[in-house]
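**Q** Have a look at the structure that comes next, please.
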Amino acid sequence: DAKTTQPTSMDCAEGRAANLPCNHSTISGNEYVYWYRQIHSQGPQYIIHGLKNNETNEMASLIITEDRKSSTLILPHATLRDTAVYYCIGHQGAQKLVFGQGTRLTINP
Amino acid sequence: DSGVTQTPKHLITATGQRVTLRCSPRSGDLSVYWYQQSLDQGLQFLIQYYNGEERAKGNILERFSAQQFPDLHSELNLSSLELGDSALYFCASSVGIATVNTEAFFGQGTRLTVV
Chain A
1 DAKTTQPTSM DCAEGRAANL PCNHSTISGN EYVYWYRQIH SQGPQYIIHG
51 LKNNETNEMA SLIITEDRKS STLILPHATL RDTAVYYCIG HQGAQKLVFG
101 QGTRLTINP
Chain B
1001 DSGVTQTPKH LITATGQRVT LRCSPRSGDL SVYWYQQSLD QGLQFLIQYY
1051 NGEERAKGNI LERFSAQQFP DLHSELNLSS LELGDSALYF CASSVGIATV
1101 NTEAFFGQGT RLTVV
């Protein structure tokens, strides 16, 4: 799995877009960028993943740079329930996930 | 609800004892993964099984063992327990190893407390 670098913590106001960056300069051509989050001691929750193109689902959008060395997870209208640790992982699906320290996102009222 | 079921949710036991944690994967998922998360620590990969066979191993202690049964449920056995084994243990499942474009689904974990 590719090594990823994320900010340790971030704050965002409720209702605003939360933009979480991730650097993955060593990602290989066949590794996807996956995002998971863990809400206080619960099991990690899958958010979204992508290979080259930007992706959007009901939870979030994923913007991947053209050189695939970095990406941004966007939560368009953050709520208090989005407070969690967010993990960016460069990964071939169905292999083991290697979690880093992630970004602790705090949504403030 | 992720579809992955872990039992028990909480477990309190004494040092030196042995416990078994159980995981039922999502219907149709062949891969099962086990992770350990100690207090304020990251998620540490322990072991992966695919269709009954061990597929990958992480930093799993020799006192720990796991297996996946023909019905695809998995058990993680922890023996000679020490205080430092107190942690959250998560199980995850995914479709399989041949599919590269798939996500993993995690259970709600078993909180083990060794006293």
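Line by line, the protein sequences are chains A and B.
Here the working numbering is used: the first residue of the first sequence is 1, the next is one more, and so on.
Here the working numbering is used: the first residue of the second sequence is 1001, the next is one more, and so on.
Using N, Cα and C, we set each Cβ at its ideal position, and we do this for glycine too.
I'd like to know whether the C-beta of B:Gly1003 is nearer than 8 Å to at least one C-beta of chain A.
**A** no
**Q** Evaluate B:Asp1071 with the Cβ neighbour count: other Cβ atoms within 10 Å of its Cβ, from every protein chain shown; 16 or more gives buried, anything less gives exposed.
**A** exposed
**Q** Using a C-beta cutoff of 8 Å, does A:Ser71 count as contacting chain B?
**A** no
**Q** Whose C-beta lies closer than 7 Å to the C-beta of B:Ala1087 among residues of the same chain, with five residues either side of it excluded?
**A** Gln1036, Gln1037, Ser1038, Leu1112
**Q** Hey, would you say A:Ile74 sits closer than 8 Å to A:Ser61, going by beta carbons?
**A** Going by beta carbons, A:Ile74 and A:Ser61 fall inside the 8 Å limit.
**Q** Ends of the beta strand (DSSP E) at B:Thr1020?
**A** Element bounds for B:Thr1020: 1019–1024.
**Q** Could you check what DSSP says for A:Asp11 in three-state terms: helix, strand or coil?
**A** strand
**Q** Which stretch, first to last residue, makes up the beta strand (DSSP E) that contains B:Thr1007?
**A** 1005–1007
**Q** Distance check for B:Gln1067 and B:Leu1078, CA to CA, integer angstroms please.
**A** 12 Å
**Q** Considering only residues of the same chain and omitting the five flanking positions on each side of A:Gly102, which have a CB-CB separation below 7 Å?
**A** Gln6, Val85, Tyr86, Tyr87
**Q** Please compile the residues from chain A whose C-beta is within a distance smaller than 7 Å of the C-beta of B:Gly1107.
**A** Gly43
**Q** Span of the beta strand (DSSP E) holding B:Ser1074?
**A** 1074–1078
**Q** Taking only three categories from DSSP, how would you classify B:Leu1083?
**A** helix
**Q** Any idea if A:Thr99 is buried or exposed, counting beta-carbon neighbours within 10 angstroms, 16 or more meaning buried?
**A** Checking the sequence, you will find Phe at residue 99 of chain A rather than Thr. Under this definition A:Phe99 is a buried residue.
**Q** Less than 6 Å between C-beta atoms, sequence neighbours within five positions excluded: which residues of the same chain meet that for B:Arg1022?
**A** Thr1007, Glu1075
**Q** Which full runs of the beta strand (DSSP E) of 3+ residues lie inside the segment 1040–1074 of chain B, going along the chain?
**A** 1044–1050, 1053–1057, 1064–1068
**Q** Could you name the residues of the segment 1019–1042 of chain B whose beta carbon sits closer than 7 Å to any beta carbon of chain A, in the order they occur along the chain?
**A** Shown in chain order are the members of the segment 1019–1042 of chain B whose Cβ falls below 7 Å from a Cβ of chain A: Ser1031, Tyr1033, Gly1042.
**Q** Quick one: which unbroken beta strand (DSSP E) runs of 3-plus residues sit fully inside the segment 35–59 of chain A? Chain order, please.
**A** 45–50, all fully within the segment 35–59 of chain A.
**Q** Would B:Leu1081 and B:Gly1016 be called neighbours here (beta carbons separated by less than 8 Å)?
**A** Yes, the pair counts as a contact, with Cβ atoms nearer than the cut-off.
**Q** Identify whether A:Leu80 lies in helix, strand or coil by the three-state DSSP scheme.
**A** Three-state DSSP puts A:Leu80 in a helix.
**Q** Between B:Val1095 and the rest of its own chain, which residues show a CB-CB distance below 8 Å, the 5 nearest in sequence each way excluded?
**A** Gly1028, Asp1029, Leu1030, Ser1031, Thr1102
**Q** Is the separation between the beta-carbon of A:Leu20 and that of A:Leu97 shorter than 8 Å?
**A** no
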